[in-house]
Structures are given as C-alpha cells and as structure tokens.
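Note that the protein sequences, when read in sequence, are chains A and B.
Just so you know, the first sequence maps onto residues 180 to 634 in the working numbering.
Just so you know, the second sequence maps onto residues -6 to 327 in the working numbering.
Ideal Cβ positions, reconstructed from N, Cα and C, are used throughout, including at glycine.
Model, not experiment: these values are computed from the prediction.
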Amino acid sequence: MNNKLITSGSLRNRLVLTLIGGGAILALLLFFAVRNYATQIAQQGQDNILRASITSILDAASIRDGVAEIDIPYASFSMLSTPSDDRVFYAIFHDNKFLSGYPNLSSGVVKDDLKTTFTSTNFQGQMVRAVTATRTLVGVDGRTLIRVTLAQTQDALSGTLDQISRNAALLGGGFFILATLLSFWATSATIGQLMRLTNSVARRGPQDLRAFEKPVPTEMLPLVKSLNSLMGRLDHSLSQSEDFIAEAAHRIRTPLATVRSYAEATLQRVDTIENRQAMRSMIRAIDESSRAASQLLDHAMITFRADHLERQDVDLVELVRDLVVRLTPIAEMKDLTFDLKHDNTVMCKGDPVLIQNAVRNLIDNALKYAPSESVVAIRIIARPKVQIVINDSGKGFLAEEIDLLTTRFKRGQNAEGTIGSGLGLTIARDVAVAHGGNLLLSNRIEGGACVTLSL
Amino acid sequence: MCYFIALIICLLPSFLFAEEWEDQKQFNQFASGATIRVLSSTDTAIFAPVIQDFVLKNPEVAVEYFVTGTTDIEQLFRSNPKAFDLVISSAMDLQLKIVNDGLALQLENVRHPAWAQWRQSLFAFTSEPAAIVINRDAFAGYPVPQTRQDLIQAMRARPSVFRGRVGTYDIRKSGLGYLFATQDARASETYWRLMEVMGSLDVRLYCCSGEMIDDLADGTIAVAYNVLGSYAAARHENKDVLDIILPSDFPTTMMRTAMVSKLTNQPELASDFIQHLINLQSHSNKDILMLSPLNTQSDYGDRTTIALEPALMTFLDTLKRRKFLAEWENAVIQ
C-alpha cells in the first residue's frame, strides 16, 4: 500500500473557493443592483422636476392676436436649482419655427405625437438630460403647436451617484467580507466532520474491524455505512480464511502423524541403504509439514486471541522457567545448555498462553540455530520495560533481510537445511504487538543472534 | 520712422478696441509682468482703490480697467470672450446667463459660500440694495417717503413739483435697471402703479446710476427710483443734499458679481483677482471697497436679496423680455 494516492484537488479549497466566489458574485450583483436602482431613482427625480418645469412653461403659453406668447414662470427655472448649480438650456418652437432660447438644442427628431419624451444627449460639451413636450393651442387661425425642449446638466446627479456608488461599494465589500468569513467557518465545520471520521479510523488498531457507531451527519451516513459493510466483509473473510487455515492444518496434521508412524515402521523394515535414506528424507519432510501445520494452528490461535486480548497478571519468570524445563530434553539432545538469568520477580499484564507461545518459538529458534555444545542465554528484565532477551551463538541474521524475517513464511537464506515453517518470528512479533510491545532482532558482536521481546 | 512704428504698436490695442468706453484706466502700466483686462460696470472712482490694492500686492501685474454699461458688457464679452480676463457687472441675470452658456472659467480653488457663487464660476462680492434717492430740498417740510406707496402718494399730492423731475433707469438700455424692474414686478403690483405714476409725470430715463445721482445732486430731478444706494453713499460730497431711502415694504438687493473668462490667458492672475475681491469684502475695509459687503447674516432663504439661480434667465427669454418691455413702455411712456 505504499503507492501514492492520486488526489483530485482539495475539498476544502474547492468549498472555500466556491463559497468565496459565490460571495464575490453576489456582492458584485448587490453593488450593481443597488447602484442601478439608485441611478434609476435619481434620474427619475430629475425627470420629474424637468417634467414639472416644462409643464409650467407650456401652461404659460398662449396665442394672442395670432402670435405665440410664452411668459416663462420664474418658478419653472427656479425649481431647477441644484446644489451643483446645474446649467439649464431651453428652446421654444412654434409650429417648428424657433421662437426663443437655445436654437441648437432641438433634439433633431421632431415627433408628431404629443407625448413627453426624455433623452440624454450632449449639448455644449456636457451631458444633459433633455425633456421635450408639446402643447396644441387653438387660436383664431386654427390649431398651432408649441414645442418646448428643456435640458439640464447632470452635475448634481453624478455627485449623488458617486456618493451612492461609494455607499453601494461599501455595502458590497462588507457583504463580501462577511461571506468570506462565513465560508471559512462553514468549510471548517464541514471538513471537521470528515477529519473526525478520518481520525477515528486512523486511531484504530490494525486488527480492529468493528463497525463505527458514533453519530455522523446524515450526508456522511452512506460513507460510514459502506465503510462499515466493507469492514464487516473484510472481518468475515479474514476470520473465514483463518478458520480455513486452522481447519486445513488440523486436518493435515492427523493423517501426517499416521503417515509418519507408518514411515518409521517401514524404516525399521527396509535394509537397502538407498531405501533407508529415502525413508529418512520422507520422515523429515513429514516432520516439517507437521510442524508447519501446528505453527499455522498456533498462528491462527494467536490471531484470534490477539483480537480478543484478555490481560491477566503473568509471572514471566515462572513462565519462562517452566518452558526451559520442558525444553531441556531437546537442548540436551544437541548438547546445549540454558543460561537463565532474571530479576527477582518480573510481572506483566497479558495473555499467558500467547506469551508462552511466543517465548517457546523464540527458544525453539535458538535451539535450532545454535551450534552444538554452546549456551543459549535467556534474560528477563523488568526495567525500564519488561523484556525477554534470548541470545545464541549461531550464525545470526543476515543484515540485509533482518527487517523482513518477521513476515509470514519468510525464512532466512542461511536457514537452509533446518526444519522451520517461517512462522515462529511472525508469531512472536504478533504477540508482542498485541501487548503493545515489539520484537527486536539484532546480531551480537561476538557472533550469534539476539532477539529481544518487549511487552 | 522707428518712433512712428512704435507709436502704432502702442496705439494698436486702442484701435482694436475702438469702443466708446464710459471710462478706461490703466493701473501699474509699467509693470514687468502680465496685464489683466477687466471689463466692468462699476465706476472707476469707486473701483480704483480695489485695483490699486491688488497691484500693490502684485507689483508685477498691470491692470487695464474698462467701464461700460451692463448691457454693453454682455454684448462685448459674448462677441469676443478672448479680449477680457475678468468681467464684473451688477446685472446678475446677464452674468449668470454667460456662465450658463459656458463662457466662464470654473475656479476650483476659490472658497465661497454656495449662495454667493454659481457653478464655482460666478462670485458675488457685494450686496447692494436698490434705493429711492431724494433731493432733500424737494421734500423740505414734507414727510420723507419710506415705502413705494408713500412715494406714489407724495408724487400724486404735488404733481407740479415732480413733473419732469423724477428719474429711473431706462430698462431697455440698462441691464441692472431691467434686473431691478423684473424683481420688483415679481415682488409686488405696487411697482406697476409706481411706474404709471412716474410715467404720468414725464419720467426721465437714465442709462446709469452715475448720471442719475449727478442730476439729483444739482436738483435737476427730485426723486430717483431704483438707484444703487451704494453709489450715492460713495459720493461724500453729496451727503448733505441727498437722502438714501431703502424702501421698507420690500427692499430689492443685488449682488455684484465677478467671473473669469474661459479663454483668459492669465487664469491664475484672474483667479487671484477674484480671491482679492472676496477677501476685501470679508474684511470689509471701507477705504478700499466702498461698496457694502455681502450680507453674511442673511442666508439664501432671505428673499430680499436676488438669488443666484437659473430662474434669473427667465426674464432674459426673448418672448418674456419683449412682453415685459411692452408692459413697461405701456406704463412709463405715455
């Protein structure tokens, strides 16, 4: 599992960017909406005054003796006063003939309809808002049309708009800052849930395949559910395969014992040297298979017990001494002697069956690889931590494979010719890890292996 | 020969402006620096101290001062805005229209209250009421009229005394006269009755305040209506002869305004001159600025001072002016 996972960007960044981007877009929309609305209202205000003014001018129009007279009321221009002193222009036409005012102001397009029209145009180098309105007068000679165009510059309006724009920008900016803060908060709250789940997954031990039961947000329920079902299936298939191995090992061991006894009996009967040699090889192979089977059983048992570790007080000294006593006959067959040294009492909390199994495997290894007439030294130390150290004076470990030896079915290259399943160190390591310790392999300077089991 | 050419060159400006000026004067004419040309309706006698004070503070500047009537000022300036740097006139309406037509320079650096300036281009620096000025001899033993109504009654009571001896502006010629007349007409109907009475007494019509005051002083006329009280007050020699009455029914107060031509070659100097005028009026130094300064107590809301607003242009409208003049002639010329 050391291949690197490919990431498709960060969820947090994506969330933050989306929210901030959304906030920015909304703030801009707000700014333009407010400004646009204010512009409309301000323009409407100016238009209304222009309309009132032009209405009062048209009201003052009359026909006297066939001559158009317009007595522009003082108030009609007075109402056009603004704080910025906007310029005022006007033009009066009688039947499209210029009467007075600014002759160039005529909008150019002369419409016949009587509606009041507003336009924004350029006059004397300045933008002006112009209103054009008409009035039909009935005189003696018939109907005549008075048309008035009134225009005002927009200095005050643009001043107001600048102010409104500034305020709208402040509003939009404030909104954006608020949205940004909120998006950071929302993102960390959301991602926090994920992080919490991740942590609770990471905190679990290697063998812990229990289902998650803590409450999670609704949106994460499918994830946790599928995680739980995945772990359930994993747990199931693991225990199935363990069961299968145990079952298989058990089934193989019994017939192997039968085959071995037959082979031994046959060995007694054959005389030919080649045949005896063959029979011995056969028995040796049977031994190896049977040992592997029993170690597989042990391993399965240890895996099971490690999952459901029951700790009790264990007297390590007694445990190890007991093992030494039981293994002394085998040691004597190889002319090996044990050298057991220990602190007064070394107690630890653990599963005695597992610890015994682990230590027996380690001593077994020492007995197997130590040369004849040497000493296997066993030390039991209580402080600084509980350790069992087993030294032999065999070939030791090859430096380049020292890290790999505790994996399943891995045997040292210098172990050719020795019976072994490749599970002994694995079992010892699993037991140590299950108790929260570890297994340390090293070579002694004077030659031989040194195995330290920490609990 | 050389002298001749030099003479021509010296006299060339006067040929170019072969205008009949009421008055024309040069101040600090041998100055090293630039010359600013001021077109004004204010009599040189009254305005000279102001300019002298200006050239005292700016010794490198020469000032050419041209005096003519308010209506002429408008026509002259419109026909050649490049020829003058500053325009000072008492006809607020004509001045405002010039600014409205974009012929004046906006001076961003000049600070002046909003009611006393328009578009940061037209700056008011005096506040001068229209007055009834009487020759004391004509009213000896009679009550001095305080209102227009009083004046009407006084004239009706003694038509023999006043026949041919009343004076007012010819509003067809004088811009200021027209401004006062239109504002009076806006304020009250009394104006028209007064005009009718004056018309019936063979009113004398004047182009300018100066002449009117001269005639008052020597007794040619007994009463002048809508004269600038400030002019009369400025002439100390007339103190014992003339009475200046500000009508208590409704006073009409004009603000003298100044502006800088948009096409001026000396925008900074001209701006300085405007600032000089504003400073003078706010320090109210009677020896230099003989005209009464702006009335700072009265704000824009005060209706007696003619406001600087676009409405001033209504009476300048061709149709409205024609109508108003027709009515006026109807009343005055009988």
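If aspartate 264/B sits next to leucine 96/B, beta carbons under 8 Å apart, how far is it from one beta carbon to the other, in whole angstroms?
The sequence shown places serine at residue 264/B, rather than the aspartate named in the question. 16 Å between Cβ atoms; not a contact.
Given a limit of 7 Å on CB to CB distance, which residues of the region 300 to 312 of chain B reach chain A?
Within the region 300 to 312 of chain B, the qualifying residues are Glu302, Pro303, Ala304, Met306, Thr307, Asp310, Thr311, Leu312.
Nearest to phenylalanine 483/A (by Cα), restricted to the options Asp450/A, His521/A, Ser420/A, Val525/A
Among Asp450/A, His521/A, Ser420/A, Val525/A, the Cα nearest to that of phenylalanine 483/A belongs to Ser420/A.
From phenylalanine 132/B to threonine 245/B, what does the alpha carbon distance come to, in whole angstroms?
Here the alpha carbon of phenylalanine 132/B sits roughly 23 Å from the alpha carbon of threonine 245/B.
Comparing the C-beta of isoleucine 249/A with each C-beta of chain B, is any distance below 8 Å?
With 8 Å as the cut-off, isoleucine 249/A counts as an interface residue toward chain B.
How big is the Cα-Cα spacing for alanine 212/A and asparagine 102/B?
Within the model, the alpha-carbon separation for alanine 212/A versus asparagine 102/B is close to 36 Å.
I want to see whether chain B comes within less than 8 Å of serine 235/A, judged by CB atoms only; does it?
Closer than 8 Å: no.
Indicate whether the contact test is met: 3 or more Cβ pairs, each with one atom in the region 212 to 223 of chain A and one in the region 342 to 349 of chain A, closer than 8 Å.
Counting C-beta pairs closer than 8 Å gives three or more between the region 212 to 223 of chain A and the region 342 to 349 of chain A, which meets the contact rule.
Kindly list the residues whose CB is nearer than 6 Å to the CB of arginine 17/B, restricted to its own chain and excluding five residues on each side of it in sequence; keep chain order.
For clarity, residue 17/B is glutamine in the given sequence; the question names arginine instead. Counting only Cβ-Cβ distances below 6 Å, and skipping sequence neighbours, we find Phe59.
Cβ of asparagine 102/B less than 8 Å from any chain A Cβ?
It does not; no Cβ of chain A falls within 8 Å.
To the nearest angstrom, how far is it from the Cα of alanine 381/A to the Cα of arginine 463/A?
Taking the straight line joining both Cα atoms gives about 46 Å.
Could you tell me which chain A residues have their CB closer than 7 Å to the CB of lysine 316/B, listed as they occur along the chain?
Result: Glu248, Asp250.
With 16 other CB atoms within 10 Å as the buried threshold, where does glutamate 121/B fall?
With 16 or more other Cβ atoms within 10 Å, it is buried.
Please report how far the alpha carbon of serine 63/B lies from the alpha carbon of threonine 298/A, in whole angstroms.
One point to set straight first is that residue 63/B is threonine, not serine, in the sequence displayed. Cα to Cα, the separation comes out at about 36 Å.
Looking only at its chain, what residues have a beta carbon closer than 8 Å to the beta carbon of isoleucine 299/B, apart from the 5 residues adjacent to it on each side?
The residues are Met85, Leu172, Gln176, Thr245, Thr246, Met247, Met248, Leu305.
List, in order along the chain, the chain B residues whose C-beta lies closer than 9 Å to that of leucine 336/A?
Ordered by position in chain B, no residue passes the 9 Å Cβ test against leucine 336/A, which lies about 15 Å from the chain.
Where lysine 279/B sits in the DSSP three-state scheme:
Correct three-state label for lysine 279/B: coil.
Beta-carbon proximity check, alanine 217/B vs valine 126/B, cutoff 8 Å:
In this structure, alanine 217/B sits near valine 126/B, with a CB-CB distance shorter than 8 Å.
Compile a chain-ordered list of the residues in the region 266 to 282 of chain A whose CB is closer than 9 Å to at least one CB of chain B.
Residues of the region 266 to 282 of chain A with a C-beta atom less than 9 Å from some C-beta of chain B are Arg266, Val267, Phe268, Tyr269, Ile271, Leu278, Ser279, Gly280, Tyr281, listed in chain order.
Based on Cα-Cα distance, which residue from Ala240/A, Glu398/A, Arg608/A, His429/A lies nearest to arginine 539/A?
Looking at Ala240/A, Glu398/A, Arg608/A, His429/A, the one whose alpha-carbon comes closest to that of arginine 539/A is Arg608/A.
Contact with chain A by glutamate 320/B, beta-carbon distance below 8 Å:
Interface flag for glutamate 320/B against chain A is unset, since no Cβ pair is found closer than 8 Å.
Exposure label - aspartate 292/B; buried when at least 16 CB within 10 Å
With a pLDDT of only 49 at aspartate 292/B, under the threshold of 50, the placement of this residue in the model should not be trusted; the figure read from the coordinates follows. Per the 10 Å Cβ criterion, exposed.
Using the C-alpha atoms, what's the distance from valine 195/A back to glutamate 356/B?
Nothing about residue 356/B can be reported from this structure: the residues present for chain B run from -6 to 327 only.
Please state whether the Cβ-Cβ distance between cysteine 629/A and valine 555/A is less than 8 Å.
No; because the gap between Cβ atoms is not below 8 Å, this pair is not in contact.
Indicate whether isoleucine 557/A and leucine 519/A have their beta-carbon atoms separated by less than 8 Å.
In this structure, leucine 519/A lies closer than 8 Å to isoleucine 557/A by Cβ.
Same chain only: Cβ atoms within 8 Å of glutamine 603/A, ignoring 5 sequence neighbours per side
Note that residue 603/A is glycine in the sequence shown here, rather than glutamine. Closer than 8 Å at Cβ, skipping near neighbours: Gln474, Asn540, Leu541, Asp543, Asn544.
Backbone CA spacing between threonine 61/B and alanine 210/B [nearest angstrom]:
Distance between the alpha carbons of threonine 61/B and alanine 210/B is about 22 Å.
Below-8 Å beta-carbon distance, aspartate 292/B vs any chain A residue
Confidence in aspartate 292/B is poor, its pLDDT being 49 and thus under 50, which makes the residue's placement unreliable; the coordinate value appears in the next sentence. False, the Cβ-Cβ gap to chain A never drops below 8 Å.
The alpha helix (DSSP H) enclosing alanine 251/B, as first and last residue numbers:
That residue, alanine 251/B, is in no alpha helix (DSSP H); its beta strand (DSSP E) goes 250 to 253.
Does any heavy atom of the ligand ADP sit closer than 7 Å to the C-beta of proline 401/A?
Because no ligand of any kind appears in the structure shown, any question about the ligand ADP cannot be addressed here.
Chain A residues whose Cβ lies nearer than 9 Å to that of glycine 95/B
Here the neighbours are Arg266, Gln303, Gly304, Gln305.
Using 8 Å as the limit for Cβ to Cβ distance, is leucine 284/A near chain B?
By this cut-off, leucine 284/A is not an interface position.
Have a look at leucine 409/A and leucine 376/A and give me their C-alpha separation to the nearest angstrom.
Spanning the two alpha carbons is a distance of roughly 15 Å.
Could you confirm whether any beta carbon from chain C is found closer than 8 Å to the beta carbon of alanine 178/B?
The structure shown contains no chain C; its protein chains are A and B.
Kindly indicate which three-state DSSP category arginine 558/A falls into: helix, strand or coil?
DSSP, read as helix, strand or coil, puts arginine 558/A in strand.
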